[in-house]
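Numbering (our numbering), first residue to last: 6 to 83. Here's the structure, in C-alpha cells; my notes come after.
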Ligand SMILES: [Zn+2]
C-alpha cells in the first residue's frame, strides 16, 4: 500500500490528509485508492486529521466521523 509522505512536516501531512479526505468526500477516489476494498490512505488521513483541531473541523464539515476507532467506508465494492 502506498502512503503519501510519511516523512515531512506535520503541515505537509495535514495537507496530504485533507487532500485525501476531500477527494473521497467528492464521492471520488484518491490517488492511493486500491482497486477494491477500503482505502488505507483514507483511514490514515482521517487519523491525521482527527489529531488536529483544524482537521477535526474539516472532518466535521465533510461529515466524516473523527472517532478514534473509525471504520469509514468499509469497501462498498465488496
Ligand atoms: Zn482513497
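Just so you know, even glycine gets a beta-carbon here, dropped at the ideal spot from N, CA and C. Quick caveat: nothing in here was measured; it's all calculated off a predicted structure.
Query, Result
"Between the CA atoms of residue 38 and residue 48 - distance to the nearest angstrom", "11 Å"
"Residues with C-beta closer than 7 Å to any heavy atom of ligand 1, in chain order", "25, 28, 29, 34, 35, 37, 38, 44, 46 and 47"
"Simplified DSSP assignment, three categories, for residue 53", "helix"
"Residue 56 to residue 71 span [Cα, whole Å]", "9 Å"
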